[in-house]
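So the sequence lines, in the order shown, correspond to chains P and E.
Position one of the first sequence corresponds to residue 119 (the numbering used here), numbered consecutively onward.
Position one of the second sequence corresponds to residue 119 (the numbering used here), numbered consecutively onward.
This report refers to the structure that appears directly beneath it.
2 protein chains.
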Amino acid sequence: MVPASAVDAGGTRERILDVALERFTRKGYAETSLREIAEELGVSKAALYYHFASKQDILLALHLRMHALEAEFGPLASAPDDPGTWAALLDRLIGIAIRHRRLIELHFRNPDAVQQLHSGEMLERHGSSGEGLEAQVLRFVASPAIDPEVRVRRVVSLGAIVSFYVGAAALSDIDDEDFERLLRKVTSEILVPR
Amino acid sequence: MVPASAVDAGGTRERILDVALERFTRKGYAETSLREIAEELGVSKAALYYHFASKQDILLALHLRMHALEAEFGPLASAPDDPGTWAALLDRLIGIAIRHRRLIELHFRNPDAVQQLHSGEMLERHGSSGEGLEAQVLRFVASPAIDPEVRVRRVVSLGAIVSFYVGAAALSDIDDEDFERLLRKVTSEILVPR
DNA sequence: GTCTATATAGGGATAGAC
DNA sequence: GTCTATCCCTATATAGAC
């Protein structure tokens, strides 16, 4: 672990995280080796271990950025069956998904690796909040008390958000603003049956 | 639970594929070791190599099931800008996605591993058709000649199909028939702007 | 802060007995 | 068809010099 007071003169720590985010997202966490990352940076593997205690620790640092987003996101309302609550939630999710797509893709692409971060005791030591954003969102779609059609529509609206991941290459010529506007339009339609 | 010794010895190959499909889907291809699969089956690693030439060969066998589906699917129409063509395509995709969800999840979860199957010369030797279903579908959403809103709606409708993957755990109490009916309803709405 | 060298573990894959 | 034993390779991680 690197002391919080450590000065990152060359910005190497950040450069490691940048390369790791890129690789973990494109190739996957398990498929990406530290040798690979070190070579792209032009340093040795051992140098990585000066900045991070382990490979998992690199993923953790990226995951903590996500946690920071959740903090910025604020607490979720706790009225899972209210349509307006869900619509507002979705609205905020889209904003985050567009502005931090790489980070979302990372988590979407490596669910197990991220999961294991929560299994261990690593997160507590870094002051993790209790429940993740994902778990909170699931409560809005998993409750059997809510009408199945409503739940399917909510899940599909989530699928719409991650569709930029599925069809990223196919939509790369559409800029973020246009895409966000279209996405908000379509998702809001999805939620209201005709 | 199936007693190991009671089953015909020739059924081992299928049992390997069943376990592999389960593990590759849940944990990912690269993260799943052959030792793990062998242990669950109560056989040795070497036994696996009697039935398959390599780990990749196991994935290939599962991938060929997907190819069989594509054959059943039939040729795609080649009019990417016609709304009716896309609607018909989507309709058939939903049917396949529901009936063979495990297989779809496998491919959705391990895009790179499947990709490498096509890079090598393995597929030609097994009589692969030229272009995959996925590549053909992409032509319907990637062409810049088509209106961006139309393309976003199409990609979102694809996202709706894979939403059962995203929210599978949350919707497990809804049976396949209900889910399929709701999915067809919602996706058809997505394609037509209000 | 970065290096070389090395320890250790686990992966895929093969040989040969039965 | 399945086993045990083994090989080779690559990965994470550590030790200690500079």
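Every residue gets a Cβ at the ideal spot worked out from N, C-alpha and C, and that includes glycine.
Asked	Found
Quick one: is G202/P near chain E, going by C-beta distance under 7 angstroms?	no
To the nearest angstrom, how far is the alpha carbon of A205/E from that of F297/P?	22 angstroms
What are the residues in the stretch 251-277 of chain P lying within 7 angstroms of chain E by C-beta distance?	L256, V259, A260, P262, P266, E267, R269, V270, R271, V273, V274, L276, G277
Could you tell me if V270/E is buried or exposed, where buried requires 16 or more neighbouring beta carbons within 10 angstroms of its beta carbon?	buried
Identify which residue in E149/E, I222/E, S290/E has its Cα closest to the Cα of L276/E.	I222/E
Whether or not the stretch 298-306 of chain P and the stretch 196-215 of chain P are in contact is what I'm after, with contact meaning three or more pairs of Cβ atoms, one per stretch, closer than 8 angstroms; do they touch?	yes
Flag this pair as yes or no: are the beta carbons of L178/E and L235/E separated by less than 7 angstroms?	yes
Any C-beta of chain P within less than 8 angstroms: which residues of the stretch 125-149 of chain E qualify?	K145, G146, A148, E149
Should V284/E be labelled buried (16 or more other beta-carbon atoms within 10 Å of its own) or exposed?	buried
Out of D200/E, H185/E, L207/E, state which residue places its alpha-carbon closest to the alpha-carbon of H244/E.	H185/E
Below 7 angstroms between beta carbons: does that hold for S306/P and V274/E?	no
From the beta carbon of L182/E, is the nearest beta carbon of chain P less than 7 angstroms away?	no
For E149/E, tell me which candidate among A231/E, E295/E, S290/E has the shortest Cα-Cα distance.	A231/E
To the nearest whole angstrom, what separates the beta carbons of A138/E and A278/P, a pair I think is in contact under 8 angstroms?	That pair is no contact at about 32 angstroms.
Quick one: give me the first and last residue of the alpha helix (DSSP H) that L178/E is part of.	173-191
If you pair each beta-carbon of the stretch 158-174 of chain P with each one of the stretch 153-171 of chain E, do three or more pairs fall below 8 angstroms?	no
Nearest-angstrom Cα distance between Y147/P and R141/P?	8 angstroms
Just verifying my parser: in three-state terms, what is the DSSP assignment at P201/E?	helix
Cβ closer than 8 angstroms: which chain P residues qualify as neighbours of V284/E?	V273, L276, G277, V280
Once you ignore the five residues that flank R267/E on each side, which residues in its own chain have a CB closer than 8 angstroms to its CB?	Reading the sequence as shown, one finds Glu at residue 267/E and not Arg. Closer than 8 angstroms at Cβ, skipping near neighbours: P311.
Give a yes or no on whether the C-beta atoms belonging to L224/E and T143/E are separated by under 7 angstroms.	yes
Please say whether P198/E and R65/E have beta carbons closer to each other than 7 angstroms?	Any answer about residue 65/E is impossible in this case: the structure gives chain E only from 119 up to 312.
Specify, as a first and last residue, the run of the alpha helix (DSSP H) that H236/E falls within.	229-237
What is the DSSP secondary structure of T130/E, counted as helix, strand or coil?	helix
With a Cβ-Cβ cutoff of 7 angstroms, do L152/P and K173/P count as a contact?	yes
Can you name, in chain order, every residue of its own chain whose Cβ lies under 7 angstroms from the Cβ of L208/P, other than the five neighbours on each side?	S275, T305
Could you check which residue in I176/E, D200/E, D291/E, A260/E has the C-alpha nearest to that of S261/P?	D291/E
Is the distance from the Cβ of R217/E to the Cβ of H169/E below 7 angstroms?	no
Comparing the C-beta of I214/P with each C-beta of chain E, is any distance below 7 angstroms?	no
Could you tell me if R227/E is buried or exposed, where buried requires 16 or more neighbouring beta carbons within 10 angstroms of its beta carbon?	buried
Assuming A165/P contacts A156/P (C-beta within less than 8 angstroms), just tell me the rounded distance between them.	7 angstroms
Using a Cβ-Cβ distance cut-off of 7 angstroms, determine whether D291/E contacts chain P.	yes
Starting from I155/P, trace the alpha helix (DSSP H) both ways and give me its first and last residue.	152-159
What do you get for A288/E, buried or exposed, if any count of 16 or more other CB atoms within 10 angstroms of its CB means buried?	buried
Mind checking P121/E: buried by the 16 CB within 10 Å criterion, or exposed?	Confidence in P121/E is poor, its pLDDT being 45 and thus under 50, which makes the residue's placement unreliable; the coordinate value appears in the next sentence. With fewer than 16 other Cβ atoms within 10 Å, it is exposed.
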